[in-house]
Structure formats: C-alpha cells, structure tokens
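Written out below as structure tokens is the structure these notes cover.
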Ligand SMILES: [Zn+2]
Ligand SMILES: [Zn+2]
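Residue numbers (our numbering): 3 to 158.
In structure tokens:
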C-alpha cells in the first residue's frame, strides 16, 4: 500500500492515534492476522496496549472499510487490508494457514446469487477448506481422510 497510513485515516475522518496506526501497520504487514498477533506486533512497536484497545482500533478500521474481518468457522477472527475486491480464502484444516484466492470467475460474479431472495447483496464470503501443500506433504492423503481431525493435538 503506497498511501501513508496516517493519510488513510485522515481521509476517512478517523482521528490518527499511534495505536490505530500501529494496528493498521500490523494488519498490512501480515494478512489474515489474528487480534492476538496484532496485539503482539503493536506491543513491539509502541509498547503496552490492552487487547481491548486492539479490538477497539480493529473495530474502527473495519467500520471505515480500511480493513476486512473474516471469521472462518472454528478459528479466531482474522484481519486483512485487502478490501473491496470480494476475494475468497483457502483455509487449511490442519495448520489454519489462510491464503487469498480471487473470485471464482471475473470480478465478483458470486455476488449474483442464483436466487437473491430480494436481498441487496454486497458481500459473499467463500471459504475453501482443505489441507495446504505443507500439510499435504507431511501426511499424504490416505483413505482415512475424514479422520484427519484426530491429528489436531487435544488441548489439556
Ligand atoms: Zn496446513
Ligand atoms: Zn484475504
């Protein structure tokens, strides 16, 4: 992103604070970052910040459309600064890695639902679930594919 983050905030009429800038930078630097990871990155940059302040800043930035929040099932919310193109995500069931994938065909055809039920649709969130190449390499798909959830270590 070539634009200065402080300018981005000002353009939207958002008060520029060190915390908001640091949060925005953390999200730009690591797409699909979790709030916990944002807090860690921000602490490195500007020192102590509460998780609540991180959530507050994330909420403001999401509300103004500067970042996008995605929440894959069973995963903490993740944030990214690639907004406005309605792209989708590949999510690994094993390690949780998330990568971007462009809309299935053309610019945003999935916004044209087969039956919109009279809704005015402005977003379609598609998640492709599976195993990432690294996890596939570690355990070649066997006939017992559906049992792969057992591989996730149980929390004690
Ligand atoms: Zn993986
Ligand atoms: Zn993304």
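For glycine and all other residues, C-beta sits at the position ideal for the given N, C-alpha and C.
The region 33 to 49 makes contact with the region 58 to 78: 3 or more CB pairs, one atom from each, lie closer than 8 Å. Pairing residue 92 with residue 85 gives a Cβ-Cβ distance that is not under 8 Å. For residue 31, the enclosing alpha helix (DSSP H) stretches over residues 20 to 31.
Every beta strand (DSSP E) of 3 residues or more that sits fully in the region 30 to 96 is shown, in chain order, as 70 to 72, 80 to 82, 90 to 94. The beta carbon of residue 119 sits closer than 7 Å to none of the beta carbons in its chain outside the five residues before and after it. At a threshold of 7 Å, residue 102 counts as near ligand 2, since its beta carbon sits closer than that to one of the ligand's heavy atoms. If you draw a straight line from the Cα of residue 99 to the Cα of residue 78, it comes to about 12 Å.
Counting C-beta atoms within 10 angstroms of its own C-beta, residue 130 has fewer than 16 neighbours from the protein chains shown and is therefore classed as exposed.
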